[in-house]
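Notes follow once the structure below has been shown.
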Amino acid sequence: MAVINGERAGQAVPFRLSDLLALDKEWSGSDNLQALRDLAFLHVAYATLLRISELSRLRVRDVMRAGDGRIILDVAWTKTIVQTGGLIKALSARSTQRLEEWIEASGLSSQPDAWLFTAVHRSGRPLIAEKPMSTRALEQIFSRAWRTAGKEGAVKANKNRYTGWSGHSARVGAAQDMADKGYPIARIMQEGTWKKPETLMRYIRHVDAHKGAMVEFMEQYSDPDYPG
Numbered sequence: 201m202a203v204i205n206g207e208r209a210g211q212a213v214p215f216r217l218s219d220l221l222a223l224d225k226e227w228s229g230s231d232n233l234q235a236l237r238d239l240a241f242l243h244v245a246y247a248t249l250l251r252i253s254e255l256s257r258l259r260v261r262d263v264m265r266a267g268d269g270r271i272i273l274d275v276a277w278t279k280t281i282v283q284t285g286g287l288i289k290a291l292s293a294r295s296t297q298r299l300e301e302w303i304e305a306s307g308l309s310s311q312p313d314a315w316l317f318t319a320v321h322r323s324g325r326p327l328i329a330e331k332p333m334s335t336r337a338l339e340q341i342f343s344r345a346w347r348t349a350g351k352e353g354a355v356k357a358n359k360n361r362y363t364g365w366s367g368h369s370a371r372v373g374a375a376q377d378m379a380d381k382g383y384p385i386a387r388i389m390q391e392g393t394w395k396k397p398e399t400l401m402r403y404i405r406h407v408d409a410h411k412g413a414m415v416e417f418m419e420q421y422s423d424p425d426y427p428g
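Sequential numbering of the sequence shown, starting at 201, is according to the working numbering.
Written out as structure tokens, the structure reads:
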């Protein structure tokens, strides 16, 4: 599978806002700590467009508050942006609530140096570790979400394509949702810290296909009464 600018070229199955909201109904209020963690992780992954390696490096101390009470995350490092001041990512009210629920239920609020997303023991307690969760472990969150959503078998395997949600899915889905709602390419690039528009276009090209100039031309001038 080709890699362009650190991004996998194979098209990930998008994890869209509708998917997040469906899982929110399924898992919110659960008494299962793993489910609370998974839901909080998916909210943060979608809302921030961070890469899975960047999500794994978030610590409890990176959680701060905006003036309106929403959570903002101080991301010290990304694959394409390395700066002293870090990168600030804000969460919506609902995503803030889901992350708060995970932090409270796990007891991580008293562990500022702990990783924000930690493994959960089968006994139902968080495991505080020196190393962050692996990419494989975090991708299993997407796998559980895929099964919970009842999507098994929904995507046929083909060359360079995934058959379920993966670590890149929330990033791709969020970009597609923004493109679908008409957000400018520059703003989407900023949210996802893409350096080159070519990389982003690989993920939203199908979304914008129906908005092309030729489609607009044909729709406008293919009327039989149009003088040719």
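Built from N, CA and C at the ideal position, the CB exists for glycine as well.
The closest CA to that of Leu291, considering only Ile271, Gly307, Ser334, Pro332, is found on Ile271. Partner residues in the beta bridge of Met264, as assigned by DSSP, are Ile272. The beta carbon of Ala345 is closer than 7 angstroms to those of Leu223, Asp238, Leu242, Trp365 in its chain, skipping five residues each way along the sequence. Burial is judged here by how many other beta carbons sit within 10 angstroms of a residue's own beta carbon; Glu330 has fewer than 16 and is exposed.
Checking the DSSP bridge columns, you'll see Trp315 partnered with Arg259.
With 16 or more other Cβ atoms from the protein chains shown falling within 10 Å of its own Cβ, Met378 counts as buried. Shortest Cα-Cα distance from Asp262 to any of Thr399, Pro312, Val320 involves Pro312. Note on Arg336: under 16 other CB atoms within 10 angstroms of its CB, so exposed under the neighbour-count rule. Counted as a single uninterrupted DSSP element, the beta strand (DSSP E) harbouring Ala290 occupies residues 287-290. Here Pro214 carries a coil assignment [DSSP, helix/strand/coil].
When the alpha-carbon of Val372 is set against those of Leu287, Ala245, Leu255, the nearest one is in Ala245. Around the CB of Leu255, 16 or more other CB atoms lie within 10 Å, so the residue is classed as buried.
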